[in-house]
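Chains A and B, in that order, are what the protein sequence lines are.
My numbering puts the first residue of the first sequence at 1, with every later residue one more than the last.
My numbering puts the first residue of the second sequence at 1, with every later residue one more than the last.
In this text, a Cβ means the ideal position worked out from N, Cα and C, and glycines have one as well.
These numbers come from a predicted model, not from an experiment.
Accompanying notes for the structure given below.
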Amino acid sequence: MTEFKVPELGENITTGDVLRVLVNVGDTIAKDQPVLELETDKATIEVPSSVAGVVKDIRVKQGDKVNVGAVILTVDENGVGAPRPAAGGTKQPETASAAQTPPDNVAGGPSPAVAGGLQASGASGVDAPRTDQKVVSMPRPGRAESVSSRSADVPRPSAAPVRAERGPSAPAAPGVRRLAREIGVEINEVRGTGPDGRISEDDVKEHARRILSGDGAARGTAGAPAIPLPDFERWGPVERQPMSNIRRTTAQRLSHAWNTIPHVTQFDQADMTATEELRRKYREQVRRAGGDLTVTAMLVKVLAVAVKQFPQFNSSIDPEADQLIFKKYVNIGVAVDTDRGLLVPVVRNADGKNLTQIAVEVQQLAQKARDRKLTLEEMSGGGMTISNLGGIGGTYFSPIVNWPEVAILGVSRGVIQPVWRPASGAFEPRQLLPLSLSYDHRVIDGADAMRFLRWVVEAVEEPFLLSLFG
Amino acid sequence: MAHASTQVAVLGAGPGGYAAAFYAADLGMQVALVDEEKNPGGVCLYRGCIPSKALLHVAKVVDEARHAAAWGVTFSEPKVDLARLRSFKQGVVDKLTSGVGQVGRLRKVTYFQGRGTLTGPRSLRIAGGSGETELAFEHCVLATGSHPTRIPSLSIDSPRMLDSTSALELPDVPASLLVIGGGYIGLELGTVYATLGSKVSVVEMTPGLLPGVDRDLVNVLHKRLEKLFALIMLNTKVVKVAEEKNGIRVTFEGDVTPREQVFERVLVSVGRRPNSLVPGLDSTRVTVDQRGFIQTDRQRRTAEPSIFAIGDVAGEPMLAHKASHEARVAIDAIAGHKVVFEPLAIPAVVFTDPEIAWCGVTETQARESGTEIEVAKFPWGALSRAITVDRPEGLTKLVLDPKTRRVLGVGIAGAGAGELIAEGVLAVEMGATAEDLKLTIHPHPTLSESLMESAEVFFGQSTHVYKPKRK
């Protein structure tokens with residue numbers, strides 16, 4: 001009895017999802033006969049057997065995630081052992097039906113196997129479900145390799161996706177290549193639907209549409225394939241409503257932010273007992289100026305000073321140019337909850353304004369947002385955003401960074417808690433403000449984020465810091 | 001000093017520069033075009049492609065008239081009236097340059113005749129007949145072109161020494177002419193002079209004419225040039241030139257006897273050098289590489305963000321049509337479009353007789369880089385149109401990707417190859433396969449059928465060539 005294991009699949013490929021099992025228990029297989037279709041994050045690979053004989057046992061099934069070296073099947077190399085109907089009887093239908101299930105190619109949806117193995121199907125989500133079962137057969141020795149390496153014992157799959165087989169450049173006409181470049185599509189990632197994979201204008205648009213719609217299926221190594229929605233009416237009546245413009249924009253922007261930004265959220269709390277006293281003391285004075293000295297307004301001021309100490313929090317990332325863009329102006333966005341959805345007006349040049357001015361402006365912007373009078377201009381150009389849900393409640397939450405910004409401060413409801421005060425040697429009731437800082441980990445390191453958040457906390461606790469640095 | 005400002009200033013009005021200026025104007029930009037000549041045109045129109053093609057046309061007519069004897073029609077030996085010939089050539093140049101100038105005026109491109117000096121990343125000074133102008137620009141396109149390479153040891157001060165510019169002036173038809181350099185310029189001009197009656201010899205340092213071009217294509221030309229030229233010396237270097245009473249005494253080093261020969265005139269055509277010594281360039285951040293080309297990114301933007309460079313001065317291949325394509329890329333980039341220079345094929349044509357033309361991946365390149373290719377060749381001996389014009393020596397070949405059968409490159413040697421190659425360029429750019437070429441009906445009887453039939457050769461199904469399929 002010989003075991004056949006998952007061979008080396010190529011550079012940096014250590015695991016794959018079983019897309020189909022191509023043989024059944026009892027089958028007589030030949031050397032080099034494909035026995036398995038494996039979907040790796042680089043390509044779909046047909047794995048040929050390195051042994052010949054009668055399949056005695058199959059250790060994997062469709063949807064399994066297997067590692068290099070895992071046993072796929074065992075083979076009796078001594079020829080014609082009779083199939084074992086009993087054992088085969090239970091196994092066969094399973095594998096057979098799996099093998100016969102046609103992948104849902106027409107709709108472009110994933111095959112059942114893919115849906116079952118989502119996390120590993122990232123890149124191949126582009127290819128595998130839509131390749132009409134065209135797979136890279138292995139081994140495919142490179143030109144430079146000697147004849148001896150053709151041996152199936154050392155299969156060498158092509159490490160690149162199926163497309164790369166075409167040669168140096170994607171088969172697309174100059175006009176199509178120009179279109180792709182202008183709308184920011186990497187032509188080599190587009191799947192051509194024409195003969196020999198030729199890429200048409202429509203293919204490029206379709207690719208772009210899928211990237212934009214955020215289902216990520218077309219996003220090369222980044223996304224997961226789109227999964228069709230279930231039929232909800234099976235469980236009861238439903239009503240479909242068109243998305244409002246704001247809702248649709250929010251959905252698109254947040255999907256984009258979530259898909260592109262590696263988010264981290266850190267939490268801290270600020271003792272704002274003293275500041276709260278100051279706030280109450282001067283509130284009336286600010287009100288006479290036409291503003292409301294809210295926690296949000298104060299935090300706008302705090303952030304405006306903070307990002308000058310920590311400029312990376314007022315930056316954007318340009319991955320295409322490998323550059324960070326540092327903004328020499330300080331604009332702070334304020335998320336406003338309206339009956340139509342989330343809007344984020346921006347307080348411009350917040351660093352050059354005093355707290356009263358900011359309080360007035362935040363008040364005005366929020367009112368405009370609710371009155372549907374905000375202009376696009378007033379909602380653009382933010383450097384960092386505050387989202388204050390404290391008015392509603394909550395302890396902490398993890399806000400999503402408002403791309404192309406790189407950080408957002410979430411504020412939850414202040415609570416009075418006993419705090420050990422070494423000075424008095426006793427627990428004292430203190431008003432604590434929970435703060436959540438989400439940031440783009442590509443730009444900001446964890447330690448810097450913690451330093452930033454500590455700075456914010458200290459500035460809330462000691463507003464004097466604002467005058468010291470502001 | 002006058003002051004002016006413009007959105008786009010283009011320095012140099014060759015086929016790169018004027019294409020850039022005109023396209024920018026078409027996109028609605030305010031454009032200034034600066035050149036020392038009276039009209040746009042550059043080397044190509046004044047001292048290159050255009051006058052040489054006018055002369056080559058005459059050479060071809062003379063040559064065909066001579067060959068007509070073999071077809072039963074005999075003309076008397078041609079009498080060459082050099083003055084008339086020069087004025088025909090000059091007429092061609094004048095017509096084209098004034099035409100281009102006219103099209104520029106219609107587009108409201110401001111033409112400054114004068115010498116431009118950069119005075120910083122946003123301005124240049126133009127010194128011309130009408131005084132000095134300080135021109136402020138938002139963007140500048142450097143399209144200053146190239147000049148014939150001079151070799152110090154061969155640069156003796158003698159009217160007998162020619163470069164491509166003076167050779168095109170056609171001072172006379174010397175009894176003997178030595179062409180130094182077996183590249184396309186030397187062979188084209190050598191062809192003109194040989195046909196007009198000079199005894200032309202060519203000396204080339206490397207083992208073959210047209211270095212870098214696929215040998216099977218060059219061989220087609222070589223056979224014919226052996227008859228046209230008095231002597232083709234390969235693997236041979238010129239080590240010394242000295243003027244004597246009757247001509248230039250040239251000393252060779254290589255497989256040639258006698259080592260010293262005297263020629264009435266000597267044409268030095270050993271390549272071209274970029275004109276990157278743009279006055280005032282050091283007032284910008286523009287950088288120049290070791291070979292003298294201005295360095296640019298794929299949009300043809302230099303290290304100075306407001307300045308672009310296109311054409312000969314921006315890199316190989318130094319060809320007019322490459323320059324005009326780059327011109328559009330640069331202007332599109334200035335207009336904010338996200339484009340880069342990314343052709344799959346830049347055609348090259350040697351306008352000798354027969355012509356040689358190629359595009360995309362050449363067989364030589366592929367073999368050197370280890371790219372897996374398959375080559376399909378169709379000899380013109382089996383091409384009816386070639387037989388009817390008594391030019392059966394041609395060859396058409398496809399360089400194909402063996403897996404996808406995509407056309408990666410095309411090479412053609414034969415009469416009219418320069419016109420035929422355009423189909424090859426389109427095939428490469430469109431990602432056409434051998435099958436596409438095979439299934440496209442080509443008119444009969446034409447030389448273009450050779451492209452279709454070479455694709456058929458690939459499948460072992462050529463109508464006019466019997467070649468059993470290998471696989």
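Worksheet entry | Cβ neighbour criterion (16 or more within 10 Å) applied to Arg209 of chain A | exposed
Practice prompt. Compare the C-beta of Gly431 of chain B with all C-beta atoms of chain A and state if any pair is closer than 8 Å.
Written response: yes
Worksheet item: What does Val339 of chain B touch in chain A if you count any residue whose Cβ is under 8 Å from its own?
Response: Going along chain A in sequence order, the residues near Val339 of chain B (Cβ under 8 Å) are Arg178, Arg181, Glu182.
Worksheet item: What residues from the stretch 318-345 of chain B come within 7 Å of chain A, judged by C-beta to C-beta, listed N to C?
Response: His337, Lys338, Val339, Val340, Glu342, Leu344
Item to complete: Could you tell me the boundaries of the beta strand (DSSP E) in which Ser146 of chain B lies?
Response: Taken as a continuous stretch (DSSP letters only), the beta strand (DSSP E) holding Ser146 of chain B covers 146-148.
Discussion item. Would you say Pro171 of chain A lies against chain B (beta-carbon separation less than 8 Å)?
Written reply: yes
Item to complete: Consider the Cβ of Phe459 of chain B: report whether some Cβ of chain A lies at a distance smaller than 8 Å.
Response: No, Phe459 of chain B does not count as interfacial toward chain A.
Practice prompt. Find out if the Cβ-Cβ distance for the pair Ala306 of chain A, Ile386 of chain A is shorter than 8 Å.
Written response: no
Practice prompt. State yes or no: is the C-beta of Leu293 of chain A nearer than 7 Å to some heavy atom of the ligand COA?
Written response: This structure does not include the ligand COA; it has no bound ligands of any sort.
Item to complete: Mind checking which residues open and close the beta strand (DSSP E) that includes Lys67 of chain A?
Response: The amino acid at residue 67 of chain A is misidentified as Lys; the sequence shows Asn. Here the beta strand (DSSP E) through Asn67 of chain A covers 65-67.
Worksheet item: Using a beta-carbon distance cut-off of less than 8 Å, what residues from the stretch 400-430 of chain B approach chain A?
Response: Asp401, Lys403, Thr404, Arg405, Arg406, Leu408, Glu429, Met430
Worksheet entry | 6 Å Cβ shell around Met1 of chain B - same chain, five flanking residues per side excluded | Glu132, Glu134
Fill in: Other residues of its chain near Pro422 of chain A: CB distance less than 7 Å, five sequence neighbours each side excluded
none
Worksheet item: Is there at least one Cβ from chain B nearer than 8 Å to Asp196 of chain A's Cβ?
Response: yes
Fill in: CB contact below 8 Å: Met138 of chain A versus chain B
Since pLDDT at Met138 of chain A reaches only 38, below the 50 mark, its modelled position is unreliable, and the value read off the structure follows with that caveat. So no, Met138 of chain A is outside the interface.
Worksheet item: Under 8 Å between C-beta atoms, does Pro174 of chain A make it to chain B?
Response: yes
Discussion item. Taking the straight line between their C-alpha atoms, what separation do you get for Met161 of chain B and Ile180 of chain B?
Written reply: 11 Å
Worksheet entry | Length of the line joining the Cα atoms of Gly26 of chain A and Val406 of chain A | 58 Å
Worksheet entry | Residues bridged to Pro48 of chain A [DSSP beta-bridge criterion] | A:Pro34
Worksheet item: Per DSSP, what kind of secondary structure is Ile183 of chain A in: helix, strand or coil?
Response: Note: Ile183 of chain A maps to coil in three-state DSSP.
Discussion item. Can you check which of these residues, B:Ala65, B:Leu142, B:Ala127, is closest to Ser306 of chain B by C-alpha distance?
Written reply: Considering only alpha carbons, the answer is B:Leu142.
Worksheet item: So, is Ile187 of chain A buried or exposed, given that buried needs 16 or more other C-beta atoms within 10 angstroms?
Response: buried
Worksheet item: Whole-angstrom Cβ separation of Phe263 of chain B and Leu178 of chain B, contact assumed at under 8 Å?
Response: 4 Å
Worksheet entry | N-terminal and C-terminal residue of the alpha helix (DSSP H) that Phe273 of chain B is part of | Inspection of the sequence shows that residue 273 of chain B is occupied by Arg rather than by Phe. It is not in any alpha helix (DSSP H) - Arg273 of chain B instead sits in the beta strand (DSSP E) that spans 272-274.
Worksheet item: DSSP three-state call for Ala173 of chain A: helix, strand or coil?
Response: Note: Ala173 of chain A maps to coil in three-state DSSP.
Worksheet item: Does the stretch 167-178 of chain B come within contact of the stretch 305-319 of chain B, defined as at least 3 CB pairs closer than 8 Å?
Response: no
Item to complete: Round the Cβ separation of Ala335 of chain B and Leu27 of chain B to the nearest angstrom and send it over; I've been treating them as touching at under 8 Å.
Response: The Cβ separation is near 5 Å, so the contact holds.
Worksheet item: Can you find at least 3 beta carbon pairs, one from the stretch 346-359 of chain B and one from the stretch 402-420 of chain B, that sit closer than 8 Å?
Response: yes
Worksheet item: What three-state label does DSSP hand Gly193 of chain A in the structure shown?
Response: At residue 193 of chain A the sequence reads Thr, which differs from the Gly that was named. Here Thr193 of chain A sits in coil by DSSP.
Practice prompt. Tell me, please, whether the stretch 189-201 of chain B touches the stretch 213-223 of chain B by the rule of three or more beta-carbon pairs shorter than 8 Å.
Written response: no
Discussion item. Which runs of the alpha helix (DSSP H) at least 4 residues long sit entirely within the stretch 335-387 of chain A? Give them in chain order.
Written reply: The DSSP assignment places complete alpha helix (DSSP H) segments of no fewer than 4 residues inside the stretch 335-387 of chain A at 355-370, in order along the chain.
Practice prompt. State the DSSP-derived secondary structure class of Asp271 of chain A, mapped to helix, strand or coil.
Written response: Looking at Asp271 of chain A - three-state DSSP - the assignment turns out to be strand.
Worksheet item: In terms of residues, what are the limits of the beta strand (DSSP E) holding Ile128 of chain B?
Response: In the sequence as presented, Ile is not what sits at residue 128 of chain B; that position holds Gly. Per DSSP, Gly128 of chain B belongs to the beta strand (DSSP E) from 123-128.
Worksheet entry | Alpha carbon of Ala120 of chain A to alpha carbon of Gln417 of chain A, nearest angstrom | Confidence at Ala120 of chain A is low in this model, with a pLDDT of 34, below 50, so its placement is unreliable and no value can be given for it.
Worksheet entry | C-alpha gap between Gln309 of chain A and Leu376 of chain A, whole angstroms | 29 Å
Worksheet item: Which ranges would you report for the beta strand (DSSP E) in the stretch 310-394 of chain B if only whole runs of at least 3 residues count?
Response: 348-350, 355-360, 374-379
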